[in-house]
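*Asks:* The sequence shown begins at 751 in our numbering and counts up by one. Just so it is clear, CB atoms sit at the ideal spot from N, CA and C, and this is done for glycine as well. All values derive from a computational prediction rather than experimental measurement.
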Amino acid sequence: MNIIKQASYNNQDFAIEGRETVFKGFIQVEKVSLRYRLFNQDSYSNTLQRELIRRKEAAGVLLYSHSQQKFALIEQFRIGAIEDTESAWQLEIIAGVLDGDESPESCIRRESLEESGCQIDQLQHLFSFYPSAGACSELFHLYSAATVLPDQGGIFGMPEEGENIQLHILNYSDLPALMTSGRLKNAPVIMALQWLQMHIDNMKNV
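1. Alpha carbon to alpha carbon, what distance is there between serine 894 and valine 956?
2. Following a CB-centred definition, is glutamine 840 positioned closer than 6 Å to any heavy atom of the ligand GTP?
3. Look up tyrosine 880 in the DSSP assignment and say whether it is helix, strand or coil.
4. With DSSP collapsed to three states, give me the class of isoleucine 940.
5. If you follow the alpha helix (DSSP H) that serine 866 is in, where does it begin and where does it stop?
6. So alanine 808 packs on alanine 845, CB below 8 Å; how close in whole Å?
7. Could you tell me which uninterrupted beta strand (DSSP E) segments, each at least 3 residues in length, are contained entirely in the stretch 883-953, listed from first to last along the chain?
8. Of the choices Leu934, Val779, Gln826 and Lys935, whose alpha-carbon is the least far from that of arginine 805?
9. What span of residues does the beta strand (DSSP E) with lysine 781 cover, start to end?
10. Taking all protein chains shown into account, do 16 or more other C-beta atoms lie within 10 angstroms of the C-beta of leucine 788, making it buried, or fewer, making it exposed?
11. Sort Cys868, Gly810, Leu784 and Met953 by Cα distance to leucine 876 and report the nearest one.
12. Pick helix, strand or coil for isoleucine 766, following the three-state DSSP scheme.
13. Within 10 Å of its beta-carbon, does histidine 816 have 16 or more other beta-carbons around it, so buried, or fewer, so exposed?
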């Protein structure tokens, strides 16, 4: 099996001819003119116009407890899901945007307290990925953390920031049904729970 370990080209193989900020708010939108090198050729594409949504880096964490056989998810209203046929209230892992030069680990610890009341110490990095590289610059850092979970959920978040977050404490036995329910519709929570399912299976086989 041929595994691609290195990108075919690097940042020397595209040329930005112009960029213009067309909107600046919580997110920033730029109009970018560029050309990029074509595969197996020395020539470049024609000049293309693309809109780039610029977002800060973000980080998220799946909280779980083997001793309690439980894990935590949060539920909150999401503007990006307002046309979802089932609900704009999405199930997610705890996550947030990095503040300034904050590290992903620091961001996660802060967000965990704000969104669940849970303090976490040891973090395991799982993946860093671009959720939607076709249009958005956001880089997401995904972690897991073993911790002591509360017996039941509650309402958390920062009301002054428009947050109203419900914490759900679920049993490991809920995982198979949850994964096939169609209720999970964002990449970080799906990736995190797939990791947890594999982690649980490995623990059983030890």
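*Replies:* According to the structure shown:
1. Low per-residue confidence applies at valine 956: pLDDT is 48, beneath 50, and the placement is therefore not dependable, though the value from the model is reported in the following sentence. Each residue's alpha carbon lies about 20 Å from the other.
2. As far as ligands go, the structure on display features none, and thus does not contain the ligand GTP.
3. Coil.
4. Secondary structure at isoleucine 940: helix, using DSSP grouped into helix, strand and coil.
5. Unbroken alpha helix (DSSP H) run through serine 866: 854-866.
6. Cβ atoms of alanine 808 and alanine 845 come within 8 Å of each other, at about 6 Å.
7. Whole beta strand (DSSP E) segments, 3+ residues: 890-896, 904-906 and 915-921.
8. Minimum Cα distance to arginine 805 is reached at Val779.
9. Lysine 781 -> beta strand (DSSP E) spans 778-786.
10. Counting Cβ neighbours within 10 Å, leucine 788 comes out exposed, since fewer than 16 surround it.
11. Closest by alpha carbon: Gly810.
12. Isoleucine 766 falls in the strand class under three-state DSSP.
13. Looking at its Cβ environment, which holds fewer than 16 other Cβ atoms inside 10 Å, histidine 816 is exposed.
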